[in-house]
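S.K.:
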Amino acid sequence: MKKLFPEVKWVEAYIVLVVKQTALMMGCSQNKITNALKPKATIENRKTSKSTDHSIAVLSKKDLFKPVRRRLLESNLSARSPRKVPLLSENNVAKRKAFTKKHIDWSGPDMERKWHKILWTDGTKINLINSGEKQYVRRPPSWELLPRYATKL
């Protein structure tokens with residue numbers, strides 16, 4: 001084509017010169033100017049059909065976890081708030097059991113005097129993890145106090 005129309009070479013050189021000058025005036029790159037001059041894509045030259053676009057939109061809006069949730073509910077495993085239980089290590093539990101076995105006879109008229117000597121701490125709550133956000137567990141209704149279905153205070 002350049003052999004047939006030698007003036008094309010001059011036109012291309014002129015376009016390059018105009019792009020350079022425009023880029024300098026605008027303070028941006030030459031690629032930005034040439035990209036702005038390119039024709040924009042229209043609806044006619046789409047890569048996907050309208051039916052494909054519709055299918056993509058339907059699939060993206062579909063709740064993929066609904067069948068899983070349905071099966072969990074059928075198994076009587078609905079989302080529940082976990083029970084709050086005190087944070088006790090095995091050592092704490094053993095000490096509490098030993099205390100109750102040792103003091104099981106603390107009943108009767110002098111009960112109040114004995115129990116008043118015990119130091120009761122307040123239940124101050126300090127959030128280190130999760131900072132108070134709501135959590136849910138899936139558990140059978142009667143297993144609420146099992147450690148794996150409860151949160152620690």
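Residue numbers (UniProt numbering): 1 to 153.
Where is the CB? At the ideal position from N, CA and C, for every residue including glycine.
These numbers were taken from a predicted model, which means no experiment stands behind them.
(1) Tell me the rounded alpha-carbon separation between lysine 135 and serine 81.
(2) Whole angstroms are fine: how far does the CA of serine 107 sit from the CA of threonine 100?
(3) Give the DSSP bridge partners of threonine 151, in chain order.
(4) Got a sec? Which residues, its chain only, sit under 8 Å from leucine 145 by beta carbon, not counting five neighbours each side?
(5) What residues match up with valine 137 in a beta bridge as DSSP calls it?
(6) What span of residues does the alpha helix (DSSP H) with leucine 146 cover, start to end?
(7) In terms of alpha-carbon separation, which member of Ala13, His103, Ser51, Leu72 lies closest to proline 141?
(8) Please classify methionine 1: does DSSP put it in a helix, a strand, or coil?
(9) Look at the Cβ atom of valine 34, then the Cβ atom of valine 19, and state whether they are nearer than 8 Å.
(10) Taking the alpha-carbon positions, what's the serine 51 to asparagine 45 distance?
(11) Kindly indicate which three-state DSSP category histidine 103 falls into: helix, strand or coil?
(12) Given a cut-off of 8 Å, decide if arginine 148 and leucine 77 are closer than it, judged by their beta-carbon atoms.
(13) Among Ala23, Ser89, Cys28, His54, whose alpha-carbon lies nearest the alpha-carbon of lysine 152?
(14) Indicate the three-state DSSP secondary structure (helix, strand or coil) for arginine 46 in the structure shown.
M.R.: Answer, in terms of the structure:
(1) Strictly speaking, residue 135 in this sequence is glutamine, with lysine absent from that position. Distance between the alpha carbons of glutamine 135 and serine 81 is about 6 Å.
(2) 12 Å
(3) Lys84
(4) Arg83, Val85
(5) Arg80
(6) Per DSSP, leucine 146 belongs to no alpha helix (DSSP H) and is neither H nor E.
(7) Leu72
(8) At methionine 1 the pLDDT is 48, less than 50, meaning the model places this residue with poor confidence; the figure from the coordinates comes in the next sentence. The answer is coil: DSSP assigns methionine 1 none of H, G, I, E or B.
(9) Here residue 34 turns out to be threonine, not valine, going by the sequence shown. Yes, these two residues count as a Cβ contact at 8 Å.
(10) 15 Å
(11) coil
(12) no
(13) Ser89
(14) coil
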